Every structure is written in C-alpha cells, then in structure tokens.
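A.B. asks:
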Amino acid sequence: MKITTEKLPKSLLSLQIEIDKVRFERGLDQAARRLSQKYPIHGFRPGKAPRFMIERTFGREALIEEASEDLINKAFRDALQQEQIEPVGPASLQGVDTPDPFTFTIHVPVAPTVEVGAYRELRATLELAPITDEQVERALDVIRDRHVVLKELDDPRPAQDGDQLKVYLDTILAGEPLETHPEGEEIPEQTLDLVKGRLVDELYEGLLGAAVGDTREITARMPDDHANKRVRGEEVTFKVEVRSVHERLLPDWEEVPTLENVEGTLDDLRAKTRTDLEASTRTTAERKALDSYIEQLVAQTSYDVPDVMIRELAHDMLHEQEHEFSRYGITLEQMLQHRGQTHDQAIEALLPDAERQTKVTLALREIVRHEALVITESEVGAEVNRLLLDYTEEQRPNVIQALQSGQMINNVANAVLDRKLRERIIAIATGTAPALTAPVGEAVVEAEVVEAEATEAVEAASPEVPTTAE
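Residues 185 to 654, numbered by our numbering, are exactly what the sequence shown covers, in order.
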C-alpha cells in the first residue's frame with residue numbers, strides 16, 4: 185500500500201492511498217461473493233457463483249463499486265496505523281482518484297498546531313487598592329443588616345430613618361416610564377430600606393416623613409456610575425406610593441460576632457472582615473489581570489485548528505444548554521422553537537464562542553507545556569484534604585469512594601493544575617515569574633493523573649482528615 189501525505193490548512197492532513205494489486209483483487213473476490221449472495225445467478229446456489237460469472241453479469245464497474253467501501257475503510261485504518269496518525273475528528277472522503285490502481289484521497293483532521301510566541305513578554309497590571317476603614321465599616325453594616333428583624337409599628341407614624349418601606353415605585357425618564365407594564369397590571373411592589381447611602385439622596389430625603397397611603401413625586405439627578413447605564417447622569421422622577429412602614433430592629437454590635445459564628449470580639453470580626461475584603465479585592469484584581477493577559481495571548485498566538493474541533497465544541501455547548509433547560513422541564517426542541525432556530529442554526533450561532541473558547545484552551549495548554557507545570561501526589565492529597573473539610577464526618581466515606589472512582593479525582597487534579605496555572609500567569613504578567621529550568625515538553629500538559637497514583641493520594645490523605653470540620 186502506497187501512502188502520500190500532504191499538510192493542508194486548518195490542521196487537515198490529506199492522505200492519498202494506493203491499494204496494491206493483491207489486496208485490490210482480494211477485495212473484488214469478497215465483493216463478488218456478497219453480490220452472489222444478494223442476487224441469484226442462474227445455475228448456481230446463492231453465494232456459490234464464481235467471480236468471473238458475477239463480473240460478466242454485473243460488469244467490472246459494479247464489482248469495484250461494491251468493493252469500494254470495504255477497501256477504503258480497511259486501507260484507511262491501516263494507513264493511520266502505518267503513518268501513526270491520530271485523528272481528532274471524523275475523516276472526509278474526497279473521492280476515488282483511479283479505479284486501477286485503486287487510489288483514493290481522504291482528509292483527516294489532526295491535532296492543531298499552536299505557536300504562542302513571546303508569551304513571557306506580555307504584561308498586565310495587578311491593581312490592588314488598599315482597603316479603607318470606611319469600606320470595612322460599610323461591610324460590617326451589611327453583616328449586621330443580615331440579622332435585622334422587622335417589627336410592625338405599634339401605632340401608625342410617618343417613615344423615619346432606618347425604616348423599611350413597601351412601595352409602588354415608577355421611574356420616569358424624559359417623560360416616559362423606565363419600565364413598561366402590561367395594561368391593567370399593577371406596578372410590582374418593591375422594598376426600600378430608608379437608610380442614607382442606600383438610596384439616592386433625593387429619594388431618601390423625599391421619603392422621610394411619608395405615611396402609609398402617601399403618593400410622592402421626587403426628582404433626582406442619578407449618579408454617573410449608576411448600575412443602570414440608561415439613567416447615568418440623567419434627571420429622573422420617582423412616583424412613589426407608600427404601602428407599608430416597618431421598623432427595622434438591628435442587633436447590638438456586641439451580638440454580631442456570635443450571630444456570625446465568629447469566635448471573639450467585634451474587633452476580631454472587624455479584622456476578619458478586612459481580611460475577607462482584601463482577599464476579595466485580590467481575587468477581582470487577579471481576574472482582571474488574567475483576562476487582560478489572556479486577551480493579549482490569544483491575539484498574538486498563531487493557530488491552525490481543524491474546523492471540526494470548533495464545531496464539536498459548539499455542539500457540546502448547545503447540549504450543555506439543553507441539560508440546563510431540562511432542569512426546568514424544557515426540551516431542546518422547545519428551546520429551539522422559542523428561538524426560531526433549527527439545530528444546525530443553533531450550532532452556527534455558537535461557533536464564534538466555540539472558536540474563542542478553543543483558542544483560549546489551546547493557548548493555555550501551551551503555557552502549561554512551556555512552563556513545565558506539573559502536579560504531584562502530595563498536591564492532590566492536600567487538595568483532597570481541603571475538599572473533605574467541606575463535608576461532615578458521615579458524608580466523607582461516600583466522598584472518598586467517589587474520589588476513588590477516577591473521574592472525580594481527575595477533577596481534583598484539574599483544580600490543582602488550574603490554580604498553579606493562574607498563579608504562574610499572574611507572575612508572568614507582573615514580571616515576577618521564575619526562570620524556566622525544565623525543557624519544553626516535559627510538563628504535564630493536562631491534569632490527567634494516573635488513576636492508581638490518584639487513588640493512592642486519596643487513601644494517603646483520608647486518614648489525616650480531622651473527624652470534625654474546622
């Protein structure tokens with residue numbers, strides 16, 4: 185068998201395969217037997233007519249056509265093995281080039297090629313703003329507010345600072361309601377905490393002293409950083425009808441640590457709150473830096489990716505949506521009908537997102553390879569210990585059994601590698617990454633821990649887990 189390969193764009197490999205004479209004739213013999221079983225030949229029992237009779241009856245072209253599929257499939261499998269080719273998707277037959285010698289061409293999608301370039305020269309800013317005392321106090325106010333108790337008023341009175349109001353509220357922008365409601369349907373009731381800083385100043389001031397049944401129109405200039413872009417910096421009118429007023433009873437500050445299950449004093453809670461805010465701020469800053477770095481990385485990376493790889497991901501994304509909607513009793517057919525799409529149109533619509541996701545994944549995989557990032561049994565064991573702390577003593581045996589099943593432990597390993605990759609990217613982006621020492625290609629490209637080793641890590645970690653969560 186003669187094989188000629190040619191590299192095509194988008195990681196396609198063209199194989200021209202010429203089948204040798206002996207193999208070709210053997211294929212024709214087998215095709216003749218099949219034809220003689222399908223169609224009766226006068227004077228012969230089914231399957232017993234000699235090949236020359238079959239060829240005389242149906243013609244050589246019909247015999248070759250009958251043999252083609254089997255010849256192509258077997259030759260293609262042998263060609264993949266001979267050339268050590270690993271397809272990443274279904275191959276596509278381009279056609280039979282010549283019937284004698286029997287030669288055909290087939291295109292095979294293979295692993296994409298990715299060049300990340302000088303990825304270590306890319307930079308992203310890690311902006312870590314210091315946490316102020318004011319931010320800590322605001323966060324403590326929110327914590328305290330979680331334990332508020334609403335009290336019916338003993339006697340009707342006007343609204344005052346700290347109350348909670350149930351209202352009908354309509355926002356008018358440039359003479360038109362900001363939100364429209366079906367004709368005849370009441371405006372939904374809303375809850376407002378009459379606390380300075382939680383409402384725009386004009387609305388807060390305008391509702392002080394309002395009684396149940398009062399209707400007020402309050403004009404306000406909206407802040408430039410308002411969450412709703414439509415009203416940023418705009419003058420709006422609030423039409424408010426007060427439906428009820430409740431007194432909000434907040435716990436004493438000394439009670440809040442106990443209510444939050446924090447051991448210690450209010451100062452201990454304050455310190456913990458500052459630490460939590462710092463961690464949250466760092467996480468947000470790192471996320472922005474990561475996004476910035478990845479955007480630059482994808483832009484400078486050169487890709488040669490087979491279309492089938494992107495289309496298969498788009499298919500998977502669509503059926504992930506199907507899984508999510510099925511939780512609410514909605515089928516894929518109903519979802520597509522609501523969107524006015526066919527199955528193929530839905531996949532086409534997802535192709536841009538699938539291409540972006542594929543490029544990000546491939547580029548990051550190259551970073552893992554170049555940086556020689558590896559995961560060890562001890563790291564997997566430590567992650568298992570951390571994971572088990574989230575479960576009760578009664579739940580842990582089932583979790584350990586699930587971890588030893590294989591797939592879940594791979595998820596744990598992936599989590600470890602993902603964290604190491606994020607840390608390394610932040611170091612690269614800020615110019616603090618360690619120098620490379622291991623040759624490229626010796627890294628674990630994906631966190632696929634050998635199942636036996638992973639199981640040992642689970643078994644080694646399990647006895648160290650405390651009997652009660654800390």
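The beta-carbon is built from N, C-alpha and C at its ideal position, and this holds for glycine as well. Because the structure is a prediction, the values reported are computed rather than measured.
(1) Between residue 241 and residue 286, what straight-line distance do the alpha-carbon atoms span, to the nearest angstrom?
(2) Report buried or exposed for residue 215, applying the criterion of at least 16 other Cβ atoms within 10 angstroms of its Cβ.
(3) Just how far apart, CA to CA, sit residue 204 and residue 233?
(4) Quick one: is residue 387 buried, meaning 16 or more other Cβ sit within 10 Å of its Cβ, or exposed?
(5) For residue 223, count neighbouring C-beta atoms within 10 Å of its own C-beta (all shown protein chains included) and say buried if the count is 16 or more, exposed if not.
(6) In its own chain, which residues sit with a C-beta less than 7 Å from the C-beta of residue 450, not counting the 5 before and 5 after it?
(7) CA-CA distance, residue 655 and residue 514?
(8) Out of 303, 251, 188, state which residue places its alpha-carbon closest to the alpha-carbon of residue 486.
(9) Closest to residue 298 by C-alpha separation, out of 461, 489, 610, would be which residue?
(10) Closest to residue 425 by CA distance: which of 455, 351, 493, 416 is it?
(11) Let me check understanding here. Comparing Cα to Cα, which of 571, 586, 558, 247 lies closest to residue 601?
(12) Since residue 222 is in the alpha helix (DSSP H), which residue starts that stretch and which ends it?
(13) Assuming residue 542 is part of the alpha helix (DSSP H), what are its boundary residues?
(14) Inspect the CB distances between the region 418-434 and the region 332-340 and report whether three or more fall short of 8 Å.
(15) Closer than 7 Å by C-beta to residue 406: which residues in its own chain qualify, once you throw out the five before and the five after it? Chain order, please.
(16) Pull up the CB-CB distance for residue 478 and residue 544, whole angstroms please, since I reckon it's below 8 Å.
(17) What first and last residue would you give for the alpha helix (DSSP H) that runs through residue 487?
(18) Identify, in the order they occur along the chain, each residue of the same chain with its Cβ nearer than 7 Å to the Cβ of residue 499, setting aside the five sequence neighbours on each side.
(19) Determine contact between the region 536-553 and the region 278-295, defined as no fewer than three beta-carbon pairs at a distance below 8 Å.
(20) How about residue 596 and residue 552: are their beta carbons less than 8 Å apart?
(21) Of all the options 347, 619, 201, 345, which has the alpha carbon lying nearest to the alpha carbon of residue 289?
(22) Could you check the C-alpha separation between residue 505 and residue 272 for me, to the nearest Å?
(23) Looking at C-alpha atoms only, which residue of 410, 340, 473, 307 is the closest neighbour of residue 615?
(24) When we look at the beta-carbon of residue 260 and count the other beta-carbons within 10 Å, is it buried (16 or more) or exposed?
(25) Quick check on residue 199: does DSSP put it in helix, strand or coil?
(26) Measuring alpha carbon to alpha carbon, tell me which residue in 605, 512, 566 is nearest residue 555.
(27) Hey, quick one: how far does the beta strand (DSSP E) through residue 348 stretch, first residue to last?
(28) Rounding to the nearest angstrom, what Cα-Cα distance links residue 253 and residue 212 in this structure?
(29) What are the complete alpha helix (DSSP H) segments, minimum 4 residues, inside the region 402-442?
(30) Which word fits residue 300, buried or exposed, when buried means at least 16 other C-beta atoms lie within 10 angstroms of its C-beta?
(31) Residue range of the beta strand (DSSP E) that residue 292 falls in?
(32) Do the region 314-324 and the region 446-464 touch if we need at least three Cβ pairs shorter than 8 Å?
(33) List, from N- to C-terminal side, the alpha helix (DSSP H) runs of 4 residues or more that fit wholly inside the region 293-334.
(34) Would residue 608 and residue 617 qualify as a contact pair, given that the criterion is a beta-carbon distance under 8 Å?
(35) Rounded to the nearest angstrom, what separates residue 613 and residue 473 at their Cα positions?
(36) Pull up the distance between the alpha-carbon of residue 404 and that of residue 358, whole angstroms please.
C.D. replies: According to the structure data:
(1) 22 Å
(2) buried
(3) 25 Å
(4) buried
(5) exposed
(6) Apart from sequence neighbours up to five positions away, the residues of its chain that approach residue 450 with a beta-carbon distance below 7 Å are 437, 438, 440, 441, ordered along the chain.
(7) No statement about residue 655 is possible, as the shown extent of the chain runs from 185 to 654 and does not include it.
(8) 303
(9) 489
(10) 351
(11) When the alpha-carbon of residue 601 is set against those of 571, 586, 558, 247, the nearest one is in 558.
(12) In the DSSP annotation of this structure, the continuous segment of the alpha helix (DSSP H) that includes residue 222 starts and ends at 205-222.
(13) Segment 527-554, the alpha helix (DSSP H) holding residue 542.
(14) yes
(15) 384, 415, 416, 417, 418, 420
(16) 6 Å
(17) Per DSSP, residue 487 belongs to no alpha helix (DSSP H); it is in the beta strand (DSSP E), 486-488.
(18) 531
(19) no
(20) no
(21) Ranking 347, 619, 201, 345 by CA distance to the CA of residue 289 puts 201 first.
(22) 24 Å
(23) 307
(24) buried
(25) Of the three classes helix, strand and coil, the one that applies to residue 199 here is strand, per DSSP.
(26) 605
(27) 348-357
(28) 11 Å
(29) none
(30) buried
(31) 286-293
(32) yes
(33) 317-329
(34) The beta carbons of residue 608 and residue 617 sit closer together than 8 Å.
(35) 7 Å
(36) 12 Å
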